[in-house]
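Have a look at the structure below before the remarks.
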Amino acid sequence: MQIVEKSVEGLSRVYGVTVPSALLAEKVEARIAEITPTLNLKGFRPGKVPAGHVRK
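Reminder that position 46 of the sequence shown reads as 103 in our numbering, one-by-one numbering, no gaps.
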């Protein structure tokens, strides 16, 4: 992860944050795996929702 301070005007700050896509994808997959067993979505039995539907 890379954080860059873009501008400073008085008390105001603007930052740019760059996150590698591999790290972001890893975090998303972990979160999907965490919530899938408790997810209740119409048309699916509780906990049986495919990961593709959760991702959408």
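Backbone N, C-alpha and C define an ideal beta-carbon position, used for all residues, glycine too.
Local conformation of residue i per DSSP, three classes
i       : result
Arg-70  : strand
Val-76  : coil
Lys-63  : strand
Leu-81  : helix
Gly-104 : coil
Own chain partners of residue i with C-beta closer than 7 angstroms, once the 5 adjacent residues on each side are dropped
i       : result
Asn-120 : Residue 120 cannot be examined here, being either before or after the span of the chain that is shown, 58 to 113.
Cβ pair residue i, residue j closer than 7 angstroms
i      : j      : result
Val-74 : Ser-64 : no
Met-58 : Val-85 : no
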